Amino acid sequence: MLASQTLLDLPLGESCDPGEFIHAVMEWHFNPQTGSAFWLERAKSLNFDPRKDIKRVEDLALFPNLVNELRDVRVEDLIPRGYGLHPDIIGIYESGGTTGAPKRVILLHGWSDRAQACLSAQLDAHGWPNNVNWLVLFPSGPHMAGMTNKQLAEQRGGLAFPIDMDPRWVKKLIAAGKIEEAEAYAEHLVEQAAHLLRTQNIGILATTPPMLERIARHDDLVELINQKVKGIIWGGAHMDADTRHLYRTEVFPGVKLVGVYGSTMILGGTAERLGLTDDDPCIFDPPSPFILFSVIDPGTGRKVGYGERGQVVMHHLSKNMLLPNNLERDLATRIESPEGQLGDSVADVTPVAQFDNEAVIEGVY
0 MLASQTLLDL PLGESCDPGE FIHAVMEWHF NPQTGSAFWL ERAKSLNFDP
50 RKDIKRVEDL ALFPNLVNEL RDVRVEDLIP RGYGLHPDII GIYESGGTTG
100 APKRVILLHG WSDRAQACLS AQLDAHGWPN NVNWLVLFPS GPHMAGMTNK
150 QLAEQRGGLA FPIDMDPRWV KKLIAAGKIE EAEAYAEHLV EQAAHLLRTQ
200 NIGILATTPP MLERIARHDD LVELINQKVK GIIWGGAHMD ADTRHLYRTE
250 VFPGVKLVGV YGSTMILGGT AERLGLTDDD PCIFDPPSPF ILFSVIDPGT
300 GRKVGYGERG QVVMHHLSKN MLLPNNLERD LATRIESPEG QLGDSVADVT
350 PVAQFDNEAV IEGVY
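Just so it is clear: in the sequence shown, position 237 is 236 by numbering that gives the first Met the number 0, and no numbers are missing.
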């Protein structure tokens with residue numbers, strides 16, 4: 000292995016020389032011996048040479064946003080050749096399908112193990128308990144969120160009680176104006192969660208903000224959660240600042256509430272910044288250098304100022320996958336990042352109204 004490629008095996012969140020790291024990423028993904036068929040073929044149509052011309056984080060903006068090609072590409076073509084003939088694959092995961100046909104990524108054990116270790120360490124820093132059972136009310140099947148939370152529960156010494164969720168069906172019902180059917184499906188999920196809360200020793204509730212809002216409509220479930228649950232982890236959809244404040248101070252005052260922000264297209268996520276008060280905005284610092292955020296004016300493509308709102312651009316830069324310059328369906332406030340972190344931090348994440356000419360419908364996820 001080239002010495003520079005050992006940078007790609009660092010723990011997430013560890014500081015390194017940005018130029019050396021970017022060089023290692025480009026060398027891995029565009030060297031014919033280690034790169035994927037997808038990127039080696041796409042390199043032929045680029046008007047620059049990634050191995051020579053991408054030297055800084057800012058240079059990633061030269062890449063076109065190719066994420067929509069992940070709707071149709073053969074997933075075998077996404078596996079870097081550097082993993083050999085028998086790569087250790089966890090599975091194929093898909094986006095939520097909010098803006099059309101789902102996009103697909105492939106997840107390998109090496110990256111997944113490090114990403115999970117980073118997220119688990121963040122939860123430790125938040126005082127998250129170990130050896131307790133999790134109720135996981137997140138999308139399963141082809142969605143990464145359900146798998147991630149199930150693994151976290153087990154890695155941290157607990158049992159996972161998953162509830163199946165099909166967010167695409169809910170989005171389809173809402174788009175067709177079948178609101179009563181969508182509500183009935185959501186209540187079906189709540190009923191399953193209620194049964195588990197009543198009959199099992201649940202210490203952690205992992206769910207999406209729309210589902211947490213529905214659960215909070217039931218006074219008996221709110222009382223159960225305050226009695227039994229030690230922590231609530233939320234993600235997969237936005238939670239506004241007022242709702243977050245209400246949950247933390249009035250609805251679930253004795254329960255730790257921690258948000259996680261991420262995307263299937265960055266193969267992971269990050270927990271909210273440590274030390275935030277109930278009155279602070281919810282800030283997310285990405286686990287650089289492997290995952291980077293920036294906040295731009297979508298009209299000009301230029302970064303907005305700190306404290307200003309814009310659209311989120313994400314970069315994933317690991318051995319597992321290269322996905323640079325991906326314009327996400329989220330708006331956020333640009334926040335100055337902690338010392339040593341590459342890229343921006345983000346706060347008060349909300350969805351855009353339209354994305355790729357499609358209305359953005361969150362539904363239950």
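The beta carbon of each residue, even a glycine, is placed where N, CA and C say it ideally should be.
Here the structure is a predicted model, which means the values were calculated and not measured.
Cut-off 6 Å between Cβ atoms - residues of its own chain near residue i, not counting five sequence neighbours on either side
i: Arg213; result: Ala185, Val189
i: Glu335; result: Tyr305
i: Gly96; result: Arg167
i: Pro49; result: Met25, Phe29
i: Ala2; result: Legend: pLDDT at Ala2 = 44, less than 50; position of this residue unreliable, no value from coordinates given.
Cβ-based burial, residue i [other Cβ within 10 Å; buried from 16]
i: Glu75; result: exposed
i: Ala100; result: exposed
i: Ile282; result: buried
i: Ile178; result: exposed
i: Ile91; result: exposed
i: Leu273; result: exposed
i: Asn46; result: exposed
i: Asp241; result: exposed
i: Glu68; result: exposed
i: Lys51; result: exposed
i: Ala175; result: exposed
i: Asn319; result: buried
i: Pro252; result: exposed
i: Thr248; result: exposed
i: Glu93; result: buried
i: His194; result: exposed
i: Thr5; result: exposed
i: Ala346; result: buried
Close beta carbons around residue i, own chain, < 7 Å, minus the five adjacent residues each side
i: Ala60; result: Asn324
i: Glu13; result: none
i: Asp296; result: Val303, Gly309
i: Phe62; result: Pro323, Asn324
i: Phe137; result: Ala144, Gly145, Asn148, Met164, Ala205, Thr206, Thr207, Gly235
i: Pro337; result: Asp284
i: Ser119; result: Leu151, Gln154, Arg155
i: Leu11; result: Arg113, Ala114, Cys117, Pro286, Phe289
Given residue i as reference, the closest of the options once Cα atoms are compared
i: Val104; options: Asn130, Gln199, His142, Gly83; result: His142
i: Leu223; options: Val250, Lys318, Met164; result: Val250
i: Ser44; options: Leu65, Glu57, Glu179; result: Leu65
i: Ala192; options: Ala205, Ala181, Glu180; result: Ala205
i: Pro128; options: His217, Lys227, Phe47, Leu106; result: Lys227
i: Phe292; options: Val56, Leu9, Pro49, Asn200; result: Val56
i: Pro285; options: Gly300, Ser262, Arg301, Gly298; result: Ser262
i: Gly300; options: Glu327, Pro288, Pro49; result: Glu327
i: Gly339; options: Asp16, Gly109, Leu106; result: Asp16
i: Ala114; options: Leu211, Ala270, Pro209; result: Ala270
i: Arg216; options: Phe289, Asp347, His125, Glu182; result: Glu182
i: Val426; options: Ser287, Leu7, Trp38; result: The chain is shown only over 0 to 364; residue 426 falls outside these bounds and no answer can be derived.
i: Leu122; options: Val257, Gly267, Asp48; result: Val257
i: Val221; options: His244, Arg197, Asp239; result: Arg197
i: Pro79; options: Phe37, Asp71, Asp52; result: Phe37
i: Val161; options: Leu322, Ala346, Pro288, Asn132; result: Contrary to the premise, residue 161 reads as Pro rather than Val in this sequence. The shortest Cα separation from Pro161 among Leu322, Ala346, Pro288, Asn132 belongs to Asn132.
i: Arg41; options: Val351, Val72, Asp347, Tyr246; result: Val72
i: Leu245; options: Ser317, Leu211, Ala152, Lys229; result: Leu211
i: Ser317; options: Leu151, Gly230, Pro252, Pro288; result: Pro288
i: Leu330; options: Ser344, Ile173, His315; result: Ser344
i: Leu9; options: Gly342, Trp110, Lys255; result: Trp110
i: Asn130; options: Gly202, Ile173, Leu118, Ala116; result: Gly202
i: Asp58; options: Leu151, Pro350, Leu39, Gly342; result: Gly342
i: Cys117; options: Ala346, Gly268, Val351, Ile231; result: Gly268
i: Lys102; options: Gln199, Arg243, Ile265, Ala124; result: Ile265
Endpoints, the beta strand (DSSP E) within which residue i is located
i: Leu326; result: 321-334
i: Asp347; result: 344-350
i: Trp233; result: 230-233
i: Ala270; result: 267-270
i: Phe394; result: This structure gives no information on residue 394, because the portion of the chain shown stretches from 0 to 364.
i: Ala174; result: Note, Ala174: premise wrong, no beta strand (DSSP E); alpha helix (DSSP H) at 166-174.
i: Ala205; result: 201-206
Unbroken alpha helix (DSSP H) run spanning residue i, endpoints
i: Lys149; result: 143-154
i: Gly109; result: 108-124
i: Gln191; result: 178-198
i: Glu93; result: Note, Glu93: premise wrong, no alpha helix (DSSP H); beta strand (DSSP E) at 88-93.
i: Ile53; result: From DSSP, Ile53 is part of no alpha helix (DSSP H); its letter is neither H nor E.
i: Met313; result: Unbroken run through Met313 is the beta strand (DSSP E), 308-316; no alpha helix (DSSP H).
Residues near residue i by beta carbon distance below 8 Å, same chain, minus five either side
i: Lys54; result: Gly18, Ile21, His22
i: Asp163; result: Ser139, Gly140
i: His108; result: Asp87, Ile88, Ile89
i: Ile231; result: Ile203, Leu204, Ala205, Thr206, Leu211, Ile224, Tyr246, Phe251, Val254, Lys255, Leu256, Val257
Cβ-heavy atom distance, residue i to the ligand SAM, below 6 Å
i: Gln115; result: The ligand content of the structure shown is nil, which means the ligand SAM is not present either.
Residue-level contact to chain C via CB, residue i, 7 Å cutoff
i: Leu158; result: Going by chain labels, chain C is absent from the structure shown, which holds only one protein chain.
Inset, instruction - Indicate whether the contact test is met: 3 or more Cβ pairs, each with one atom in the region 147-158 and one in the region 173-190, closer than 8 Å. - result: no
Inset, instruction - Please determine if the region 275-283 and the region 309-322 are in contact, where contact requires at least 3 C-beta pairs separated by less than 8 Å. - result: no
Inset, instruction - Check whether the region 232-242 touches the region 68-85, taking contact to mean three or more Cβ pairs, one atom from each stretch, closer than 8 Å. - result: no
Inset, instruction - Specify whether the region 21-37 and the region 293-307 touch according to this definition: at least 3 beta carbon pairs, one from each stretch, less than 8 Å apart. - result: no
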